[in-house]
Amino acid sequence: MGGAERLCRRINQRFPGKSKGDTDMGSLSTSELGILAAATGGCALILTVIFGFILLPVLRHFKLGQPIRTEGPIWHQPKAGTPTMGGICFILAFLLATAGYAVFRAVRGEGGRLIPLALAVLFALGNAAIGFIDDYCKLVRHQNEGLTERQKLLLQLVLTAAYLAMLRASGHLETSLRIPFTDMRLELSWFAYPVYLLVMVGFVNATNLTDGLDGLASSVCATVAAFTLLLAVWRRDADSTVLAAALLAGMLGFLVFNHHPAQMFMGDTGSLFLGGVIMGCAMMAGELLLFVLAGFVFVADMLTSLLQRWYFRLTHGKRLFPIAPIHHSFEKWGFGEYAVMGLFAGVSALFCVLAWFGK
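Under the working numbering, the letters of the sequence shown match residues 3 to 361, in that order.
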């Protein structure tokens with residue numbers, strides 16, 4: 003008997019009908035969750051590649067090419083015109099791969115248990131929509147200036163606040179933060195909302211900022227997705243297992259088109275979606291600080307950009323780094339794009355290992 007058949011039989015035994023609505027997918031064993039992850043991931047991987055091959059000529063036909071910042075690294079100018087908004091391919095794959103799981107649970111009478119998963123997906127899609135608007139504005143204006151920083155930040159704050167409000171209304175919002183490496187929980191009460199808002203919006207923007215080199219955001223996100231997947235299986239959390247598996251597979255599939263020299267970029271549409279999925283998984287797990295630690299490469303890259311800006315203003319024109327964010331500085335120091343991608347992905351993997359021990 004095959005693994006998938008055993009999984010289906012096991013699920014049918016445990017969920018014979020809607021009268022069993024008080025049970026959940028947490029009763030699956032680690033091996034069964036592994037099969038679930040493999041099935042979801044395999045579906046997402048194949049679909050991402052298929053959609054990528056379909057989307058690429060469409061983007062080229064309509065000349066939806068990425069404008070390059072004139073104040074950015076001069077050696078990036080040849081990339082001007084590379085198709086953007088490629089993130090659509092892994093977003094569609096992610097949605098289809100998770101939809102099958104959601105439909106299965108819904109027909110088993112467990113639709114009510116899908117609320118955290120559904121809200122996390124909606125939050126990610128909301129971020130993707132903001133990114134799509136930003137990408138569209140850049141394409142229409144034929145320059146690398148879409149939404150202003152204030153416009154984007156306002157939309158993100160409203161979206162994140164709405165997500166938190168829906169979590170609270172549905173009874174799925176934890177107002178205490180667990181401190182990694184300890185069993186301590188810091189009760190924030192109502193102060194949790196501004197803290198969550200700041201951390202979540204900051205992290206989503208950090209993933210967006212890291213998408214500055216071929217394959218960089220994809221590879222770093224893949225390591226964080228792998229950590230999320232292992233954590234979900236360890237916690238026997240089927241919902242997070244599905245989301246993480248779909249995200250990891252989507253990144254691996256997108257790297258087919260996004261590795262150096264990139265055939266297409268994910269755009270803000272894709273990078274903001276990635277941050278949204280990771281933060282959604284963090285809220286589902288109730289481990290916001292642990293996920294920030296796992297994704298610290300994103301955070302550090304953003305911090306270098308903020309430090310550069312503040313230092314520039316304080317010193318009236320001096321720079322702390324050759325170019326910010328720091329992944330461009332590594333290029334300036336002689337590292338090729340493959341080397342920077344490998345270095346950042348490796349460091350990200352180390353932070354994920356550190357986060358694993360802090361779980």
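For glycine and all other residues, C-beta sits at the position ideal for the given N, C-alpha and C.
Sequence-distant residues of its chain with Cβ nearer than 7 Å to residue i (five each side left out)
i    : result
F300 : F205, A208, T209, T212 and V222
A341 : none
L66  : P85, T86, M87 and L141
L2   : Here the chain comprises residues numbered 3 to 361, so residue 2 is not present and cannot be evaluated.
L254 : L47 and A224
Y195 : L166
S307 : L211, A326 and P327
Cα-Cα separation between residue i and residue j, rounded to whole angstroms
i    : j    : result
K149 : L30  : The question names Lys, but residue 149 is Leu in the sequence shown. For L149 and L30, the distance between alpha carbons rounds to 45 Å.
I242 : G88  : Note that residue 242 is Ser in the sequence shown here, rather than Ile. Computed Cα separation, rounded: 24 Å.
G344 : F298 : 16 Å
F359 : F64  : 48 Å
L305 : S350 : 15 Å
V355 : L156 : 34 Å
T225 : I117 : 26 Å
L126 : F96  : Correcting the residue identity first, residue 126 is Ala in this sequence and not Leu. Taking the straight line joining both Cα atoms gives about 11 Å.
A347 : L233 : 19 Å
I181 : A108 : 34 Å
Q230 : A264 : Reading off the sequence shown, one finds Thr at residue 230, where the question assumed Gln. T230 and A264: Cα-Cα distance of roughly 26 Å.
F193 : G128 : 24 Å
F353 : A82  : 33 Å
R321 : G214 : 19 Å
I280 : G44  : 20 Å
T32  : W312 : 48 Å
V105 : W335 : 50 Å
D185 : D239 : 20 Å
R152 : C139 : 15 Å
I52  : G113 : 30 Å
A101 : T317 : 52 Å
E147 : L218 : 21 Å
G319 : K154 : 26 Å
R315 : A39  : 48 Å
Contact belief for residue i with residue j at Cβ below 8 Å, rounded distance in angstroms
i    : j    : result
I325 : D303 : With 8 Å as the limit, I325 and D303 do not qualify as a contact, their Cβ atoms being about 12 Å apart.
P401 : M266 : Nothing can be reported for residue 401, as the shown portion of the chain is limited to 3 through 361.
A248 : A46  : 4 Å
L98  : L169 : That belief does not hold up - the Cβ atoms of L98 and L169 are roughly 25 Å apart, past 8 Å.
A357 : A296 : 4 Å
Minimum C-alpha distance to residue i - residue among the options
i    : options                   : result
S191 : T177, Y198 and M202       : T177
G338 : W312, H262 and L233       : H262
M202 : G54, Y165 and R321        : Y165
L35  : F353, W312, V235 and V258 : V235
N292 : R187, W335, I93 and G54   : The question names Asn, but residue 292 is Leu in the sequence shown. Of the listed residues, the one whose Cα sits closest to L292 is R187.
A131 : S331, G277 and W335       : G277
H174 : M285, G111, L295 and W312 : M285
L179 : A251, V123 and A287       : A287
L61  : Y313, L38, F314 and F259  : F259
V294 : V197, T317 and E189       : V197
L94  : E147, F275, A40 and G217  : F275
R115 : I37, S172 and A39         : S172
D216 : H318, E333 and K154       : E333
Neighbourhood of residue i by C-beta distance below 6 Å, restricted to the same chain and skipping five residues each side
i    : result
L119 : D241
T42  : A99, V244, A247 and A248
G282 : A122, F125 and A126
Y103 : V244
Q310 : L322, F323 and A326
E189 : S178
Other residues of its chain near residue i: CB distance less than 8 Å, five sequence neighbours each side excluded
i    : result
L199 : L159, T162, A163 and L166
K361 : P182, L233, W236, E289 and L292
F256 : T50, G54, G88, G89, C91, F92, S220, M268 and G272
### Inter-stretch contact (C-beta, 8 Å, three-pair minimum) for the stretch 130-141 and the stretch 267-286
yes
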